[in-house]
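For the sequence shown, the positions run 2 to 451 when the working numbering is used.
In this text, a Cβ means the ideal position worked out from N, Cα and C, and glycines have one as well.
Only one structure is covered here, and it is reproduced in the block below.
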Amino acid sequence: MLQKLPLLLIGLFVTFKAFAQSLPVVISERERAEAVDAILEDRFENLLPRLMRREGVDMWVIISREYNEDPVMRTMLPSTWLSARRRTMMVFYDPGDEKPLAKLAIARYDVGTLLKGEWDLSSNPDQWEALVKVIKEKNPKKIALNYSKNYAHADGLTYTEQQEFMAKLPKEYQAKVTSADRLAVAWLETRTEKEMAIYPMICRLSHQIIQEAFSEKVIQPGVTTTDDVVWYLRQRITDLGLDTWFHPTVDIQRADASNFDHLRTFAKRPGQQVIMPGDLIHTDFGITYLRLNTDQQQIAYVLKPGETDVPDYLQKAFQQGNRLQEILTEQFTAGKSGNQILLDALAQSEREGINGTIYTHPIGLHGHAAGPTIGMWDAQGGIKGPGDYPLFPNTAYSIELNAAVKIDEWNKTIRIMLEEDGYFDEKGFRYIDGRQREIWTVPRKLEYVR
């Protein structure tokens, strides 16, 4: 399977290059399954051993029942498993000395081709006893379970399963039980080389859907509403055979007497408005494809009769948003906490006279993913817990923020709200598919500025 992935990726990028001015062709369900399984095998074989050793965990036990899956387990299921089956138990054991991990399923079935079924009903009719037998045989130093105060992603062990497990586990092993939250977060946040080979195509696809929605193909000033654009985005996702992890938003700022409250875009969705010439329109949009997610916010301006470009005062305001992005990502250093990155970036933006708000989050296997929280829109002083988690290399982020800029011509303050997906590794930070560097115009055939 691993050998097949490069050929599949070559096909993806040949298609992508051939249709650079249109949407990349979305591959078939069968091809998607092949890619997902190849990536998953690579993660099990090459990533997981390294993460277990980094976090000092020699046994990781993940337990879920069908339709109530642990968030981590869902990322470990093969492409043909749409849910766990009955009660599924996964055991990962590191024997040390750089030996391969034991990857076991205490279940009635093998979990795809990657986890071998280890439940012999004839000798152990009780599934919990079969699990305990494996634990006794391996005799681990630690037994890591998915419970966590700070991360819902790492808190997937239900109350009932935890009670059953501890009741069956011999007392001499109970002191070895520990939280797997650091390991679970590491598994979820770390992007592999194979994932990063396809992530640019996924981000490009998401970008181009936005550009399509912010064009004369969709928007007729004076007629089209913000809800029309929202539902165009949703329908386009469905028509392409993709998924999304949140309902998009489209909102308007304009030269009128009403104040734009950016907090309202989080706390309450903007009401439907008719899009008019002179409007600054903004969307928050993301897709899910090949188990990876995007989260992007971009801005367009609706030209008035006689205008051929965005007014200079709006483009200059937009540049403050771009500079705030740079201020933030310049703070990305391995080992630095999310809270420290936030505070240092806000301090620098204040020194430069930029009124910024930062609420950046990890992205990958989830939209609002596990990893260091770098501010929240309603908490600019830092976040206890997730904000204290350090930045690791090979992790992806949605650089989400806004700059408040006074527009004299409108006699009001507007918000330049931006969000772009980026990647951090040993070489530093980079945007996965570039970022918006100027405000788009409607109408115009839009080309993405890289």
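Would the beta-carbon of residue i fall within 8 angstroms of that of residue j?
{"i": "Gly155", "j": "Leu52", "result": "One detail in the question is off: residue 155 reads as Ala in this sequence, not Gly. Against a cut-off of 8 angstroms, the Cβ pair of Leu52 and Ala155 comes out as no contact."}
{"i": "Leu234", "j": "Leu115", "result": "no"}
{"i": "Thr193", "j": "Arg44", "result": "yes"}
{"i": "Tyr290", "j": "Glu410", "result": "no"}
{"i": "Gly339", "j": "Leu419", "result": "no"}
{"i": "Ile276", "j": "Thr226", "result": "yes"}
{"i": "Glu173", "j": "Trp129", "result": "no"}
{"i": "Asp285", "j": "Gln298", "result": "yes"}
{"i": "Val251", "j": "Val224", "result": "no"}
{"i": "Gly307", "j": "Phe247", "result": "no"}
{"i": "Val26", "j": "Ala145", "result": "no"}
{"i": "Thr396", "j": "Thr76", "result": "no"}
{"i": "Ile408", "j": "Ile300", "result": "no"}
{"i": "Val219", "j": "Lys169", "result": "no"}
{"i": "Pro394", "j": "Ala348", "result": "no"}
{"i": "Thr245", "j": "Ile253", "result": "no"}
{"i": "His369", "j": "Leu189", "result": "no"}
{"i": "Lys100", "j": "Lys143", "result": "no"}
Under the DSSP definition of a beta bridge, which residues are partnered with residue i?
{"i": "Val443", "result": "Val303"}
{"i": "Asn453", "result": "The structure shown does not extend to residue 453, since the chain is modelled only from 2 through 451, so no value can be given for it."}
{"i": "Pro50", "result": "BP columns for Pro50 are empty, so no partner."}
{"i": "Ser65", "result": "Thr89"}
{"i": "Leu116", "result": "Val112"}
{"i": "Lys104", "result": "Phe93"}
{"i": "Gln1", "result": "Nothing can be reported for residue 1, as the shown portion of the chain is limited to 2 through 451."}
{"i": "Leu226", "result": "According to the sequence provided, residue 226 is Thr. The question's Leu does not apply to it. Paired residue(s): Val275."}
{"i": "Tyr432", "result": "Gly423"}
{"i": "Ile375", "result": "Thr361"}
{"i": "Thr396", "result": "Thr191, Phe425"}
{"i": "Ile408", "result": "Lys413"}
Please work out which residues of its chain come closer than 8 angstroms, Cβ to Cβ, to residue i, disregarding the five sequence neighbours upstream and downstream, and give them in chain order.
{"i": "Lys446", "result": "Bear in mind that a pLDDT of 42 at Lys446, under 50, signals an unreliable position, so the model cannot answer this."}
{"i": "Asp111", "result": "Lys117, Gly118"}
{"i": "Ile1", "result": "This structure gives no information on residue 1, because the portion of the chain shown stretches from 2 to 451."}
{"i": "Val450", "result": "In this prediction, Val450 has a pLDDT of 42, which is less than 50 and means its spatial position is unreliable; what the coordinates show is noted afterwards. Gly435, Gln437, Arg438, Glu439, listed in sequence order."}
{"i": "Asn151", "result": "Asp182, Gly386, Pro387, Tyr390"}
{"i": "Pro444", "result": "Ser216, Glu217, Ile220, Leu304"}
{"i": "Thr330", "result": "Ile400, Gly423, Phe430"}
{"i": "Cys204", "result": "Thr295, Gln297, Asp422, Ile433, Asp434"}
{"i": "Ala19", "result": "Since pLDDT at Ala19 reaches only 39, below the 50 mark, its modelled position is unreliable, and the value read off the structure follows with that caveat. The answer is none, since no qualifying residue turns up."}
Report all residues from its chain with a CB closer than 6 angstroms to the CB of residue i; omit the five preceding and five following residues, and keep chain order.
{"i": "Ser80", "result": "Ala34, Val37, Asp38"}
{"i": "Ala103", "result": "Tyr94"}
{"i": "Gly388", "result": "Gly339, Asn340, Thr374"}
{"i": "Gln163", "result": "none"}
{"i": "Tyr148", "result": "Asp156, Leu158, Ser180"}
{"i": "Lys337", "result": "Leu392"}
{"i": "Tyr432", "result": "Glu421, Gly423"}
{"i": "Leu243", "result": "Ile288, Tyr290"}
{"i": "Thr89", "result": "Ser65, Ala108"}
Counting only beta-carbon atoms, is residue i nearer than 8 angstroms to chain B?
{"i": "Asn125", "result": "In the structure shown, chain B does not exist; there is a single protein chain."}
Spatial neighbours of residue i within its chain, please: C-beta separation below 7 angstroms, excluding the five flanking residues on both sides.
{"i": "Gly279", "result": "Arg255, Ala256, Val303, Lys305"}
{"i": "Gly376", "result": "Leu343, Ile359, Tyr360, Thr361"}
{"i": "Gly383", "result": "Asn340, Leu343, Leu344"}
{"i": "Leu184", "result": "Leu52, Met53, Glu56, Val58, Trp61, Ala145"}
{"i": "Val311", "result": "Tyr302, Ile440, Thr442"}
{"i": "Pro222", "result": "Ile276, Met277, Pro278, Val303"}
{"i": "Pro249", "result": "Val231, Leu234, Arg235, Thr284, Asp285, Phe286"}
{"i": "Val406", "result": "Ala318, Gln321, Thr414, Ile415, Ile417"}
{"i": "Ile211", "result": "Thr284, Phe286, Gln297, Gln299"}
{"i": "Asp426", "result": "Pro394, Asn395"}
{"i": "Ala346", "result": "Ile328, Leu329, Gln332, Ile359"}
{"i": "Val135", "result": "Val92, Leu105, Ile107, Glu119"}
Please confirm whether any heavy atom of the ligand ATP lies closer than 7 angstroms to the CB of residue i.
{"i": "Lys177", "result": "The ligand ATP is not part of this structure, which contains no ligands at all."}
Start-end ranges of the beta strand (DSSP E) lying completely within the stretch 258 to 341, minimum 3 residues: 281 to 286, 297 to 303
Three or more C-beta pairs closer than 8 angstroms, one from the stretch 293 to 305 and one from the stretch 189 to 205: is that the case here? yes
Whole alpha helix (DSSP H) elements within the stretch 183 to 214, 4-residue minimum: 194 to 214
Measuring CB atoms only, is the stretch 102 to 110 touching the stretch 128 to 146, in the sense that at least three cross pairs come out at less than 8 angstroms? yes
Pick out the complete beta strand (DSSP E) segments inside the stretch 147 to 188, 3 residues or longer, and give them in chain order. 178 to 180
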